[in-house]
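What follows is one structure encoded as C-alpha cells, with my remarks underneath.
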Amino acid sequence: MQRAAVLVRRGSCPLASGPWVRSHSSAAAEASAALKVRPERSPRDRILTLESMNPQVKAVEYAVRGPIVLKAGEIEMELQRGIKKPFTEVIRANIGDAHAMGQQPITFLRQVMALCTYPNLLSSPSFPEDAKKRARRILQACGGNSLGSYSASQGVNCIREDVAAFITRRDGVPADPDNIYLTTGASDGISTILKLLVSGGGKSRTGVMIPIPQYPLYSAVISELDAIQVNYYLDEDNCWALNVDELRRAVRQAKDHCDPKVLCIINPGNPTGQVQSRKCIEDVIHFAWEEKLFLLADEVYQDNVYSSDCRFHSFKKVLYQMGHEYSSNVELASFYSTSKGYMGECGYRGGYMEVINLHPEIKGQLVKLLSVRLCPPVSGQAAMDIVVNPPVPGEESFEQFIREKEFVLGNLAEKAKLTEDLFNQVPGIQCNPLQGAMYAFPRILIPAKAVEAAQAHKMAPDMFYCMKLLEETGICVVPGSGFGQREGTYHFRMTILPPVEKLKTVLHKVKDFHLKFLEKYA
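Each residue of the sequence shown is one higher than the one before, counting from 1 in the UniProt record's numbering.
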C-alpha cells in the first residue's frame, strides 16, 4: 500500500498510463481550449441594491446610533492604534446606557437572575431566601423549569400577574394580567402597536402624532411602516411643556393629507426631560377622547423624576380617575422597561406594555402578531419581574435594595442639577431644568459663519458642531436635528449618566470647546 502511494506521488504508478489516461488527458485539453475561447461574462448583478431594496427601510434614520456614533467608533480604533489625539478616550454621552457609564447593577436583581440562570445555586447559602423565593416562582412557570425554554407569546403568566399587581399598587386602579404583554424592551411594544394601527392610503393613511423633539424610535418606525408623521412641538420657553392648543393645530393641519389616529406621549420626556403635570395629562386625555385618538404613553423614565416640584402620574391612573366615560372608551397602551429608572439593565431587553380598551377581535390580532416572533427573551422577562416585584419591608434584602435604589436616583438628581447649572453659565448655551429622565437637551448658539461652514460640508449645523466637538474633545453627543427641533434653533442631547467627576470634566470640556467655537466662527 505504501509502495503504491509512493509510486503515485512520483508519477510512476503503472495505472497512470495507457489508453484511458491518454483519452482523459485529451478531453481535459479540449475543455481547457473551450474555456479559453468562451467570452468572459460580466459579474452578475446583485439582487439587493440601494435601488431595489425596501424604500421604507432606506428612509429609516436613528440618530442615537447614527453617523456621529460611527465616527466615534473610528476614533476609538485610531486611539487603540496609537494615533495621537487631543484626548485619550472617547466619552460616549450619546446614549442612556447606565452600566456602560459605570453605574453598578442592583444586587437583588442580579442575585435573582443568577439563580434563574444557574438553578444549582438555589442550594447555596450565599443567596438570600427572598431572592431564592422569586427565582423558584419564575422557574416553576417556565417550561422544564428553565429560562432556556420558550414562553407563551404574551409572556410568562406569573410575570404578567406580577406586572398587573405592580400597576395596581402604583395607580390604585385594578390591572388585568390579560391586558399585559411582555416585550423585548419598550421599543418592541411600541413598534408592535404601531403595526396594528397603520392602515389606509392617500388622505386616509394613518397619521401618527409625535412630540418634537422626539425619541428617534418613533420617526424610524413611522418611516418603516410608511405612515404619516404628524409633528407637535413642545414649548421650549415653558420648560418643554405640552400645550393642547399645539395638539389642536397639528391635528387640524394633518387632516388635510392624512387620518390622524395615534397620539404618542413621552413622559418623562426624552430628550427634553420634562415631567408632565396631572392637569396636562387630563387635558391630553380629553383631547384624545374628543379627537378619537389611540394614546401611546411611553413611561420608561417613570422612576427618574428629580425636581421636587414634579411627580410622575401614569396615564392609566389619570384616565381612570377622570371617570367611566373616559376609562371605558379611550384606547391606551402604556410602556415600561428594565433599561432605565434605577435599574439601567439595557442588555436584558426586558419590558412590558399594558393595553386597555382594545377591541376583543384586535386583541386576537395582537397576540397573533406577537406569536410570529415566538416570545420575548425569557431572561428579559425575568428581569422585568424583579423590577415590578422587588423586596418589601420585612424581607431580608429590603434594606440593601432601598439603599442602592436611593443612591442611584439621588446621584442622578445631583447630576441633573449640576448639568443644568454649568450649562447655563456658558454664553451661548441655554438649558432648561432637567426635571426627569437622564439627558440634557441644551439649546446652542451657532454663528452664521459656522452655519455656512456646515452647509459647505453638507451637514446640518448642529451635526457640524457635534462632529467638531467629538474630533476635538472625544465627547460624543447627538445633534438636536436627529430628534427634531423648531426651525432656526439648534441643540444636542447628552446623557447625565457618567460618574460625577467625569461628568464635570465633560461639562467643562464642552464649555471650553463652545467658547472657542464661537470665537472661531464669530
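All residues carry an ideal CB built from backbone N, CA and C; glycine is no exception.
The structure presented is a predicted model; accordingly, all values stated were derived computationally and were not measured.
Endpoints, the beta strand (DSSP E) within which Thr183 is located: Along the sequence shown, read from residue 1 onward, the residue named residue 183 stands at position 183. 180 to 184 is the extent of the beta strand (DSSP E) around Thr183.
Out of Asn267, Ser191, Lys363, Arg205, which one is the CA nearest neighbour of Val221? The residue given as residue 221 occupies position 221 in the sequence shown. Answer by Cα proximity: Ser191.
Give a yes or no on whether the C-beta atoms belonging to Lys255 and Tyr301 are separated by under 9 Å. Here residue 255 corresponds to residue number 255 of the sequence shown, with the count starting at 1. Here residue 301 corresponds to residue number 301 of the sequence shown, with the count starting at 1. Result no, Cβ atoms of Lys255 and Tyr301 do not sit closer than 9 Å.
Own chain partners of Ser123 with C-beta closer than 7 Å, once the 5 adjacent residues on each side are dropped: As a working note, residue 123 is residue 123 in the sequence shown. If the five residues before and after Ser123 are omitted, its C-beta is found closer than 7 Å to no C-beta atom of its own chain.
In the structure shown, what three-state DSSP assignment does Asp385 receive? Numbered from its first residue, the sequence shown carries residue 385 at position 385. Three-state result, Asp385: helix.
For a test of the three-state rule: what should DSSP assign to Leu418, helix, strand or coil? Sequence index remark: in the sequence shown, residue 418 carries index 418 (1-based). In the structure shown, Leu418 sits in a helix (DSSP, three-state: H, G or I).
Please report how far the alpha carbon of Leu515 lies from the alpha carbon of Asp385, in whole angstroms. Looking up residue 515 in the sequence shown gives position 515. Looking up residue 385 in the sequence shown gives position 385. Here the alpha carbons of Asp385 and Leu515 stand approximately 48 Å from one another.
Let me know the secondary structure DSSP gives Tyr490 once reduced to three states. For the purposes of this step, residue 490 is identified with residue 490 of the sequence shown, where counting begins at 1. Coil.
Would you list, in sequence order, the uninterrupted beta strand (DSSP E) runs of no fewer than 3 residues that lie entirely inside the stretch 311 to 357? 332 to 337, 350 to 356
Flag this pair as yes or no: are the beta carbons of Val262 and Leu197 separated by less than 9 Å? Position 262 of the sequence shown holds residue 262. Position 197 of the sequence shown holds residue 197. The answer is yes: Cβ separation under 9 Å.
Is the beta carbon of Ala352 sitting closer than 9 Å to the one on Ile193? Here residue 352 refers to the residue found at position 352 of the sequence shown. Here residue 193 refers to the residue found at position 193 of the sequence shown. For clarity, residue 352 is Tyr in the given sequence; the question names Ala instead. Against a cut-off of 9 Å, the Cβ pair of Ile193 and Tyr352 comes out as no contact.
Residue burial classification, Ser328 (beta-carbon count within 10 angstroms, cutoff 16): For the purposes of this step, residue 328 is taken as the residue at position 328 of the sequence shown. Ser328 comes out exposed.
Determine which residues share a DSSP beta bridge with Arg443 and list them. The count along the sequence shown starts at 1 and reaches residue 443 at position 443. DSSP, once it has assigned bridges, lists Gln430, His491 as partnering Arg443.
What's the gap between the Cα of Glu501 and the Cα of Glu406? What you label residue 501 is simply residue 501 of the sequence shown in a count that begins at 1. What you label residue 406 is simply residue 406 of the sequence shown in a count that begins at 1. So the alpha carbons of these two residues sit roughly 19 Å apart.
Would Asn267 be called buried (16 or more neighbouring beta carbons within 10 Å of its own) or exposed? Residue mapping note: residue 267 aligns to position 267 of the sequence shown, counting from 1. With 16 or more Cβ atoms within 10 Å of its Cβ, Asn267 is classed as buried.
Below 8 Å on the Cβ atoms is my contact criterion, and I expect Glu282 with Val318 to pass it. Report the Cβ-Cβ distance as a whole number of Å. Locating residue 282 in the sequence shown gives position 282, where the first residue counts as 1. Locating residue 318 in the sequence shown gives position 318, where the first residue counts as 1. Indeed, because the Cβ distance is near 6 Å, the residues count as touching under 8 Å.
Where does Thr49 fall in DSSP's three states? Within the sequence shown, residue 49 is the residue found at index 49, counting from 1. DSSP places Thr49 in coil when its eight states are reduced to three.
Please state the DSSP three-state secondary structure of Ala254. For the purposes of this step, residue 254 is identified with residue 254 of the sequence shown, where counting begins at 1. If DSSP states are grouped into helix, strand and coil, Ala254 belongs with the helices.
Please go through the same chain and pick out, in chain order, the residues whose beta-carbon is closer than 7 Å to the beta-carbon of Gln253, but skip the five residues on each side of it. Position 253 of the sequence shown, counting from 1, holds the residue named residue 253. If we look at Gln253 and ignore the five residues flanking it on each side, it has no Cβ neighbours.
Ala460, DSSP secondary structure in three states: Along the sequence shown, read from residue 1 onward, the residue named residue 460 stands at position 460. Residue state, collapsed to three classes: coil.
So, Val69 versus Ile91, is the Cβ gap smaller than 9 Å? Start at 1 with the first residue of the sequence shown, and residue 69 comes out as number 69. Start at 1 with the first residue of the sequence shown, and residue 91 comes out as number 91. Ile91 sits away from Val69, with the two beta carbons spaced by 9 Å or more.
How many Å lie between Ser379 and Val112 at the Cα? Working through the sequence shown from its first residue, we reach residue 379 at position 379. Working through the sequence shown from its first residue, we reach residue 112 at position 112. Near 11 Å, if we compare the C-alpha coordinates of Val112 and Ser379.
Would you decide whether Asp309 is buried or exposed? Buried here means 16 or more other CB atoms lie within 10 Å of its CB. In the sequence shown, residue 309 corresponds to position 309, counting from 1. With fewer than 16 other Cβ atoms within 10 Å, it is exposed.
Tell me which residue opens and which closes the alpha helix (DSSP H) that Gly484 is part of. Here residue 484 corresponds to residue number 484 of the sequence shown, with the count starting at 1. Element bounds for Gly484: n/a, residue is neither H nor E.
CA-CA distance, Tyr150 and Gly144? Taking the sequence shown and counting its residues from 1, one reaches residue 150 at position 150. Taking the sequence shown and counting its residues from 1, one reaches residue 144 at position 144. Distance between the alpha carbons of Tyr150 and Gly144 is about 10 Å.
DSSP has Asn231 in a bridge; who is on the other side? On the sequence shown, position 231 is the one that residue 231 refers to. Answer is Ile210.
For Cys476 and Gln140, I'd like the C-alpha separation in whole angstroms. On the sequence shown, residue 476 is found 476 positions in, with the first residue counted as 1. On the sequence shown, residue 140 is found 140 positions in, with the first residue counted as 1. Going from the Cα of Cys476 to the Cα of Gln140 covers about 44 Å.
Are Gly344 and His99 close, meaning C-beta to C-beta below 9 Å? As a first step, residue 344 is located in the sequence shown; it is residue number 344 there, counting from the start. As a first step, residue 99 is located in the sequence shown; it is residue number 99 there, counting from the start. Cβ atoms of Gly344 and His99: closer than 9 Å.
Look at Tyr342 and Glu299 and say whether their C-beta atoms are less than 9 Å apart. What you label residue 342 is simply residue 342 of the sequence shown in a count that begins at 1. What you label residue 299 is simply residue 299 of the sequence shown in a count that begins at 1. No.
Coil, strand or helix - Phe517 by DSSP: By 1-based counting over the sequence shown, the position of residue 517 is 517. Reduced to three states, the DSSP call for Phe517 is helix.
Check the DSSP bridge columns for Leu295 and list the partner residues they point to. Sequence index remark: in the sequence shown, residue 295 carries index 295 (1-based). Leu263, Leu332, per the DSSP bridge assignment.
Would Lys84 and Leu470 qualify as a contact pair, given that the criterion is a beta-carbon distance under 9 Å? Reading the sequence shown from its first residue, position 84 is the one you call residue 84. Reading the sequence shown from its first residue, position 470 is the one you call residue 470. Result no, Cβ atoms of Lys84 and Leu470 do not sit closer than 9 Å.
Evaluate contact between the stretch 167 to 181 and the stretch 394 to 411, counting only Cβ atoms and requiring at least three cross-stretch pairs below 8 Å. no
Distance, Cα to Cα, Ser334 vs Glu487? Taking the sequence shown and counting its residues from 1, the one referred to as residue 334 is at position 334. Taking the sequence shown and counting its residues from 1, the one referred to as residue 487 is at position 487. CA-to-CA, the gap between Ser334 and Glu487 works out to about 31 Å.
Need the endpoints of the alpha helix (DSSP H) that Ala93 sits in, please. Here residue 93 refers to the residue found at position 93 when the sequence shown is read from its first residue. From DSSP, Ala93 is part of no alpha helix (DSSP H); its letter is neither H nor E.
Taking buried to mean at least 16 other C-beta atoms within 10 Å of its own C-beta, is His491 buried or exposed? As a position in the sequence shown, residue 491 is number 491, starting the count at 1. Flag for His491 reads buried.
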